[in-house]
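Written out below as structure tokens is the structure these notes cover.
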Amino acid sequence: MFHWLEQRPFFFAVMLFLTIAFAGFIEIVPDFAKASQPTVGTKPHTVLELAGRQVYIKDSCNACHSQLIRPFKSETDRYGMYSLSGEYAYDRPFLWGSKRTGPDLHRVGNYRTTDWHENHMMAPAEVVPGSIMPKYPHMFTNTADIATAYANANTQKSLFGVPYDKEGMPKLGSWEDAKAQALKDAKKVAADMKNQSVKDKVAKGKVPEIVALIAYLNSLK
Amino acid sequence: MNSMVKGGILLVIALMAATYFMAGDAFTLGDDYINDLTMLGAVAIIGITVFVSLKYINQIKNDTATGELASENWDGIGEYTNPVPMGWAIIFIGTIVWMMWYLFVGYPTNQFSQIGQYNEEVNEYNTKFQNKWDNIDEGQMAKMGQSVFFLQCAPCHGAEADGMDGKAQDLTARMSKEQILDVIKNGSNKLGYSMGAMPPGMASGEGAEKIATWISTGMKGDAPAEFGACSSCHGPDGKGMNGMAANLSGYDNTLLSKVLEHGKKGSIGTMPSFKGRLNKTQVTAVSAYLQSIQGE
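Here it is, written out as structure tokens:
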């Protein structure tokens, strides 16, 4: 066998590749499969949170913010418990980020609140003196894209088996149901906000981007 | 003696001379036995390197191999079917045995864990923290409180703890008149005092105004008569009867621990809970800091 292979560089290369690939496979895959199971208590994002997540991606928050707390005391003191891979099971795509111009946001929902985000997103430097984070006043006027968020959730449900509509998990239902639920969630967020025009819009059945974004940030725990 | 051995000896002498000129003045023989050993090692390395190289160069030049040729042949280069040398075979099998040991017994699957390392780091830190701050004095306490405050609280309460124009509680003073009126009107039930909830509507109209003004201006002088409705729980001095109900006159340790544990939602906004994020010393420290800035 070896003499045969030795005389055929192409098949030799193929066998070499298979051997190394096999070693990599048995080293990586079992652990990977185990670690990527959703952790207990991890839930898929609601439609409103998904809409906020789209805003987060669209405005490139992930260019300055990571969502991955590493297991060092200095990090867990500031941000809370280190991140586990299973917590990202329903993140498509995940938003680990690669650069921390600003702080990590993986558990920002634990230590910042709706009214704080409202002030901060409107004018970061007024809340944190010297902050270089840009202002996002357009989020208070732009309307969040709930329809795309619903389509996104629906795709994840049917294509990737994300457990929407299961017991104890967020409900998706029909587009009408989902729209009503998103508006209900938005009203809860708006109730803690101060900006009157945002409140008025939500009362009229529109969801400004800032409301969706805050719902998403509050869900990061 | 053939010419290669002569060349080798010459090379060794040349190398040693070079070494001597470069580093020879750095030490005198017999000064320090570590230096002597180092020099001896250098001489040995030069000698061994040169003569081992010579041996193999010589072998390549003169050796003629024997044995049976394998059938394949690459552009005239053949291969003998000699058996594997014993030493080589032993090393090969030994490597496989070692691999099994490494995979199932040795490093890293059984020894290193990132989380284990993290836990060690935390334990080490906590022990250090305890040893260092076991006998902390008042001044240090307030200083520690200030640094905790800068990191954890200042983004909301402001670096000056003044609440940044009403974005959060102004911690240099107790509650404002509007806040107190709001609590009187709506009650309060979040902080987990042993008394339970504070019911809404304990006073109203002008009475409520009077109480709120008196409390928010620092409870100076006699309490208005209407405060009788409050003193059964908050005490005649408004200090909360040793932690039964909220202290209305200042941020004592009990109030602060309750706020940090449960968070607070009031007329200004929402404060998140800090449960498990600060240790006991740190909570006491923050409360010492808050007390040190009252009335500024």
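From first to last, the protein sequence lines stand for chains A and B.
Per the working numbering, residue 1 is the first one in the first sequence, and the count goes up by one each step.
Per the working numbering, residue 1001 is the first one in the second sequence, and the count goes up by one each step.
All residues carry an ideal CB built from backbone N, CA and C; glycine is no exception.
This one's a predicted model, so the numbers in the text were calculated from it and none came from an experiment.
- DSSP places I1091(B) in the helix class (H, G or I) of the three-state scheme.
- Taking a beta-carbon distance threshold of 8 Å, H106(A) does not count as an interface residue toward chain B.
- Leaving aside the five residues that flank Q1179(B) on each side, the residues in its chain whose CB is nearer than 6 Å to its CB run, in chain order, S1267.
- I1293(B) is not a Cβ neighbour of L1248(B), given a cutoff of 8 Å.
- By the C-beta criterion, the region 1096–1105 of chain B is judged not to be in contact with the region 35–44 of chain A, since fewer than 3 inter-stretch pairs fall below 8 Å.
- With a cutoff of 8 Å on beta-carbon distance, P1224(B) and I1211(B) are scored as near each other.
- Put simply, the backbone Cα of D1252(B) is about 50 Å away from that of T148(A).
- In this structure, the CA atom of G102(A) is about 13 Å from the CA atom of P1155(B).
- Against K1167(B), the close residues of chain A are D115, W116, N119 and V127, in the order they occur along the chain (beta-carbon pairs closer than 8 Å).
- For Q1146(B), same chain residues with a beta-carbon under 6 Å away, outside a window of 5 residues either side, are Y1289 in chain order.
- Taking a beta-carbon distance threshold of 8 Å, Y1080(B) does not count as an interface residue toward chain A.
- For secondary structure counted as the alpha helix (DSSP H) over 4 or more consecutive residues, the region 1167–1220 of chain B holds these complete runs in sequence order: 1177–1186 and 1205–1216.
- Taking the C-beta atoms as reference points, V55(A) is found nearer than 8 Å to A144(A).
- Around the beta carbon of S60(A), fewer than 16 other beta carbons sit within 10 angstroms, so the residue counts as exposed.
- Using a Cβ-Cβ cut-off of 7 Å, I1293(B) is close to nothing in chain A; its nearest Cβ partner there is about 18 Å away.
- Counting other Cβ atoms within 10 Å of its Cβ, P137(A) stays below 16 and is therefore classed as exposed.
- Less than 8 Å separates the beta-carbon of A153(A) from that of L172(A).
- Listed by position along chain B, the residues whose Cβ is nearer than 7 Å to that of Y164(A) form an empty set, because the closest Cβ is around 28 Å away.
- By the rule that beta-carbons nearer than 8 Å mark a contact, Y1118(B) touches chain A.
- Burial is judged here by how many other beta carbons sit within 10 angstroms of a residue's own beta carbon; R8(A) has fewer than 16 and is exposed.
- With a cutoff of 8 Å on beta-carbon distance, N142(A) and E209(A) are scored as near each other.
- In this structure, V198(A) and A191(A) do not form a Cβ contact; the two beta carbons are roughly 11 Å apart against a cut-off of 8 Å.
- Per DSSP, the unbroken alpha helix (DSSP H) holding G52(A) starts and ends at V47 to K58.
- The Cβ atoms of G1008(B) and L1054(B) lie closer than 8 Å to each other.
- Residue environment: Q1169(B) is assigned as buried (16 or more neighbouring CB atoms within 10 Å of its CB, all protein chains considered).
- For K187(A), the secondary structure class from DSSP, reduced to helix, strand or coil, is helix.
- If you draw a straight line from the Cα of M1219(B) to the Cα of V1259(B), it comes to about 22 Å.
- With a threshold of 16 other beta carbon atoms within 10 Å, G1116(B) falls short and is exposed.
- Chain order gives the chain B residues near N110(A) as P1272, where near means a beta carbon separation below 7 Å.
- Not flagged as an interface residue toward chain B: H65(A), since no C-beta distance is shorter than 8 Å.
- Proximity of chain A to C1230(B) at the Cβ level (cut-off 9 Å) is not reached, the minimal Cβ distance being about 28 Å.
- In the three-state scheme derived from DSSP, where H, G and I count as helix and E and B as strand, K179(A) is classed as helix.
- At a cut-off of 8 Å between beta carbons, P1155(B) contacts chain A.
- Taking 8 Å as the cut-off, the beta carbon of M1244(B) is found closer than this to the beta carbon of S1194(B).
- The beta carbon of N195(A) is closer than 7 Å to those of E118 and F140 in its chain, skipping five residues each way along the sequence.
- Counting the other Cβ atoms within 10 Å of the Cβ of N110(A) gives 16 or more, which makes it buried.
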